[in-house]
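Notes follow the structure.
This is the structure in structure tokens:
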């Protein structure tokens with residue numbers, strides 16, 4: 001298994017019952033920091049054209065940029081860092097064990113959603129990812 005992770009039979013049973021799997025501590029802090037730094041560059045438009053971004057974002061700090069952006073769709077279209085992350089070996093290994101060998105990325109979204117930004121309407125992820133106040 002890549003990275004020493006093995007999907008246990010209990011994980012597979014839980015995934016088939018709930019529709020999701022949590023792989024705790026999967027991504028190391030250095031990679032998380034790299035993805036965050038890259039996210040700021042993508043949000044500023046410094047990695048390529050992203051629909052909806054305004055030129056004024058280039059003058060803002062990372063924190064300020066992240067306060068203005070809800071999400072960036074398809075960041076892998078402009079960022080090699082995000083393109084490479086789509087094939088992270090341990091993630092692919094886990095997905096292969098959970099859903100089978102035919103793993104394909106259909107979409108990528110960089111969600112930021114700062115405090116006070118509106119949420120999303122109810123959708124299929126409502127159970128594992130609540131979107132309404134409880």
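In this note's numbering, the protein residues as written are 1 to 134.
Just so it is clear, CB atoms sit at the ideal spot from N, CA and C, and this is done for glycine as well.
Here the structure is a predicted model, which is why all the values come from computation and not from measurement.
Host alpha helix (DSSP H) of residue i (start-end)
i           : result
residue 109 : That residue, residue 109, is in no alpha helix (DSSP H); its beta strand (DSSP E) goes 109-111.
residue 20  : Neither: residue 20 is in no alpha helix (DSSP H) and is coded neither H nor E.
residue 52  : Looking at the DSSP string, residue 52 is not in any alpha helix (DSSP H), and its letter there is neither H nor E.
residue 97  : 89-99
residue 24  : No alpha helix (DSSP H) holds residue 24; DSSP gives it neither H nor E.
residue 68  : 62-68
residue 81  : 80-85
Residue span of the beta strand (DSSP E) that contains residue i, given as start and end
i          : result
residue 72 : 71-73
Straight-line Cα distance separating residue j from residue i
i           : j           : result
residue 20  : residue 12  : 10 Å
residue 9   : residue 22  : 14 Å
residue 31  : residue 56  : 28 Å
residue 112 : residue 60  : 16 Å
residue 14  : residue 94  : 14 Å
residue 115 : residue 92  : 31 Å
residue 103 : residue 74  : 18 Å
residue 34  : residue 17  : 34 Å
residue 133 : residue 117 : Here the model assigns residue 133 a pLDDT of 49, short of 50, so the residue's position is not dependable and the matter cannot be decided.
residue 36  : residue 54  : 20 Å
residue 69  : residue 86  : 22 Å
residue 52  : residue 119 : 18 Å
Pair within 8 Å by beta-carbon distance, residue i and residue j
i           : j          : result
residue 78  : residue 48 : yes
residue 209 : residue 88 : Here the chain covers residues 1 to 134 and nothing more, so residue 209 does not appear.
residue 72  : residue 98 : no
residue 90  : residue 26 : yes
Residue i beta carbon near the ligand COA (any heavy atom closer than 7 Å)
i          : result
residue 30 : Because no ligand of any kind appears in the structure shown, any question about the ligand COA cannot be addressed here.
With a cut-off of 8 Å, do at least 3 Cβ pairs link the stretch 42-54 to the stretch 75-85?
-> yes
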